[in-house]
Structure formats: C-alpha cells, structure tokens
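Report on the structure given below.
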Amino acid sequence: MEVFERLAISGLAIKNEDIQLQTILEKIKLKEINDILYGKTEKPFRKKEEALKFIFESPDIKHIVNKIFLSYQFYKLIPLNINYNKFKEVNEYFSEVAELIAHTYIMGGYAAQHKAQSKNLSRISGWKISPTDDGSICKFCQKMSKKSYPKNQYPKVPLHIGCRCGVFPKMK
83 MEVFERLAIS GLAIKNEDIQ LQTILEKIKL KEINDILYGK TEKPFRKKEE ALKFIFESPD
143 IKHIVNKIFL SYQFYKLIPL NINYNKFKEV NEYFSEVAEL IAHTYIMGGY AAQHKAQSKN
203 LSRISGWKIS PTDDGSICKF CQKMSKKSYP KNQYPKVPLH IGCRCGVFPK MK
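Numbering (this note's numbering), first residue to last: 83 to 254.
Structure (structure tokens):
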C-alpha cells in the first residue's frame with residue numbers, strides 16, 4: 083500500500099473519484115488539455131478558460147475526459163486544521179528551556195574551573211555559596227547560601243537547572 087493510499091484511508095487525502103473534474107483540469111496546463119482533446123476539436127485552444135468551457139458544455143466530451151482521469155490515480159491532500167501560532171509558542175518555550183540548560187552547564191564548568199584553580203591556595207579557610215541578588219533567588223539557593231563549607235568540601239553548584247549561584251572562598 084502506497085503512502086497516498088494510506089493517507090486516503092486515514093482521511094488526510096481524497097482519491098481522484100472524489101476530486102471534482104473542474105479541480106483537476108484547473109491544475110493541469112493548457113498543452114495537456116489540448117493533448118487530451120486532440121482530434122475532438124478543429125484546432126487547439128489558445129486559452130485555458132475556452133478549453134474548460136468547451137469540456138463542460140459538451141456532455142460527451144466531459145464524460146470522455148472524466149474517464150481518462152479515472153484511469154489515473156490522483157490524490158488531493160486535505161489541509162489540516164492546525165493553529166501554526168502554537169508551533170511558534172512551543173518553539174519559543176523549548177528555546178528558553180535549552181538556554182537554561184546550556185547556562186546551567188556553563189555555570190557548572192565555571193565552578194569546576196574555580197575549584198581546580200583554588201585547590202592549593204593556603205589562605206582559604208572554607209567556601210560559601212553566593213546566590214545572585216536580582217530578586218529571583220529560589221528558597222533552596224537561599225537556604226544553601228546560609229551554610230558554610232570546609233576547605234576540603236567544595237560545594238557543588240549549580241544547585242538546579244537555571245541556577246546562577248557562585249562559590250566564593252572564605253579567607254583566613
């Protein structure tokens with residue numbers, strides 16, 4: 083079973099017997115219409131409108147043309163009733179999520195680099211988590227920023243996705 087056959091069965095396309103002859107003829111070129119009407123007219127048509135008028139005014143010609151098209155398999159896709167603005171909203175949402183995740187990984191990289199650079203500093207007595215002070219601090223970050231960490235226990239940051247907390251040394 084071919085793709086268009088399955089689409090027709092599922093109601094996403096219609097077959098040529100359900101497509102109006104007018105619709106089919108409007109989609110093909112004048113040269114193709116003249117080829118179909120070859121021998122049935124004195125001379126080829128110069129305008130598509132004249133050819134279509136001739137076909138629909140002559141019942142026997144219309145029947146012959148219809149028979150020709152029924153011998154082929156035509157399918158017409160049925161347009162889906164989709165609100166494409168929703169796709170834009172979903173795309174914007176996932177872009178924002180991707181940015182948050184990327185930012186979280188970057189902050190984790192900064193923390194790992196900071197930990198490696200600060201390992202051998204003798205003046206450090208411990209660590210403190212410092213959340214960004216922009217009014218959007220979550221309760222977990224506030225709670226963790228109140229704790230003090232010993233020198234040998236570097237705190238893991240970021241604490242959650244989208245976390246902007248940093249780790250700062252406590253000096254002796």
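Idealized CB from N, CA, C, for every residue including glycine.
{"Asked": "Name the one or two DSSP bridge partners that G190 has.", "Found": "None; G190 has no bridge partner."}
{"Asked": "When you compare each of I106, M189 and Y166 to K149 by their alpha carbons, which one comes out closest?", "Found": "I106"}
{"Asked": "Give the range of the beta strand (DSSP E) segment to which I146 is assigned.", "Found": "Run containing I146: none in the beta strand (DSSP E); it sits in the alpha helix (DSSP H), P141 to L152."}
{"Asked": "In the structure shown, what three-state DSSP assignment does K97 receive?", "Found": "strand"}
{"Asked": "Quick test of the definition: if touching needs 3 or more C-beta pairs under 8 Å, does the stretch 177-192 touch the stretch 230-237?", "Found": "no"}
{"Asked": "Any idea if M226 is buried or exposed, counting beta-carbon neighbours within 10 angstroms, 16 or more meaning buried?", "Found": "buried"}
{"Asked": "Between the C-alpha atoms of K201 and T214, what's the straight-line distance to the nearest angstrom?", "Found": "24 Å"}
{"Asked": "Using the Cα positions of Y166 and I243, report the straight-line distance between them to the nearest angstrom.", "Found": "29 Å"}
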